[in-house]
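Residue numbers (my numbering): 489 to 718. Right, one structure below, let's go through it.
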Amino acid sequence: MAHPSQLGFQDAASPVMEELLHFHDHALMIVLLISTLVLYIIVAMVSTKLTNKYILDSQEIEIVWTVLPAVILILIALPSLRILYLMDEINDPHLTIKAMGHQWYWSYEYTDYEDLGFDSYMVPTQDLVPGQFRLLETDHRMVIPVESPIRVLVSAEDVLHSWAVPSLGVKMDAVPGRLNQTAFIASRPGVFYGQCSEICGANHSFMPIVVEAVPLEHFEKWSTVMLEDA
Numbered sequence: 489m490a491h492p493s494q495l496g497f498q499d500a501a502s503p504v505m506e507e508l509l510h511f512h513d514h515a516l517m518i519v520l521l522i523s524t525l526v527l528y529i530i531v532a533m534v535s536t537k538l539t540n541k542y543i544l545d546s547q548e549i550e551i552v553w554t555v556l557p558a559v560i561l562i563l564i565a566l567p568s569l570r571i572l573y574l575m576d577e578i579n580d581p582h583l584t585i586k587a588m589g590h591q592w593y594w595s596y597e598y599t600d601y602e603d604l605g606f607d608s609y610m611v612p613t614q615d616l617v618p619g620q621f622r623l624l625e626t627d628h629r630m631v632i633p634v635e636s637p638i639r640v641l642v643s644a645e646d647v648l649h650s651w652a653v654p655s656l657g658v659k660m661d662a663v664p665g666r667l668n669q670t671a672f673i674a675s676r677p678g679v680f681y682g683q684c685s686e687i688c689g690a691n692h693s694f695m696p697i698v699v700e701a702v703p704l705e706h707f708e709k710w711s712t713v714m715l716e717d718a
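Structure (structure tokens):
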């Protein structure tokens, strides 16, 4: 959960998000090293009084400034490709949920159950209870079992939307007439907040996403109650 004046990312709640945080630190360290080197060269060139007007070419320097950037790009590309393939990998999901974007709410359908589905609307500010977050709470949460592979099928009924939960490292476009899919594993119990991340009209800012990860036995009790109320 983000908090006021936060500078970093939200706490990771899935293996993919942990990998993304590690890659961010890796790439940022490379950028800092490059920036430091460039700044040092600029300061050295401006401050030194030594000049050499007679060097027309240098084979050694040309090799260095050709090979070094290539090595740096490889050091960035390899872990990036690894994470891309990891995010696309969906093996034997324990639960499949269809998330449908509407103007301006989400609906969820648990496809492994016959009649388990509901709409998820933002809770108005005047209806919030102490401890709830403004513009982030919904009347129905998407409940999932913790430490289980979850597949989410994402689409939209009207315009482009985007289903995004930063703590889980998930962001998938919801396109009318197209069924996209993504997968994640919640590594710990908790409530994770997200929002539509594609401008979709006047109330784009008022269609939050709330994912609640619970132990398997709690999920089974919740699904039983939801099926009885259907």
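Every residue, glycine too, gets a C-beta built ideally from N, C-alpha and C.
* Report yes if the C-beta distance between Val-699 and Phe-680 is below 8 Å; otherwise report no. => yes
* Beta-carbon separation of Tyr-593 and Asp-615 under 8 Å? -> no
* Between the CA atoms of Thr-613 and Met-695 - distance to the nearest angstrom -> Near 13 Å, if we compare the C-alpha coordinates of Thr-613 and Met-695.
* **Proximity of Gln-479 and Ser-655 at Cβ, strictly below 8 Å** => The chain is shown from 489 up to 718; residue 479 falls before or after that span and cannot be answered.
* **Minimum C-alpha distance to Ser-720 - residue among Glu-635, Asn-579, Ala-515, Ile-560** => For residue 720 there is no data in the structure shown, the boundaries of the chain being 489 and 718.
* Under the three-state DSSP convention, the category Thr-536 falls into -> coil
* To do: Taking 8 Å as the threshold, find out whether the segment 671-680 comes into contact with the segment 626-644 through three or more Cβ pairs.
  => yes
* Three-state secondary structure (DSSP) of Thr-626 -> Strand, per DSSP.
* To do: Can you tell me the Cβ-Cβ gap for Pro-664 and Glu-645, rounded? I've got them flagged as a contact below 8 Å.
  => Contact check for Pro-664 and Glu-645: beta-carbon distance about 7 Å, within the 8 Å limit, so the pair qualifies.
* Asked: Smallest Cα separation from Thr-712: which of Tyr-601, Asn-668, Met-610, Leu-667?
  -> Tyr-601
* Asked: So, using beta-carbon positions, are Ile-585 and Val-653 closer together than 8 Å?
  -> no
* Give, in chain order, every unbroken run of the alpha helix (DSSP H) that is at least 4 residues long and sits entirely within the segment 490-555. => 503-535
* My understanding is that His-649 touches Gly-605, with C-beta atoms under 8 Å, so please give their C-beta distance in whole angstroms. => Not quite, the Cβ-Cβ distance comes to about 17 Å (not below 8 Å), so this is no contact.
* Mind listing, in chain order, the continuous beta strand (DSSP E) runs of no fewer than 3 residues lying wholly within the segment 651-709? => 658-662, 668-673, 678-684, 696-702, all fully within the segment 651-709.
* Asked: Which value, in whole angstroms, describes the spacing of the CA atoms of Asp-576 and Ala-671?
  -> 8 Å
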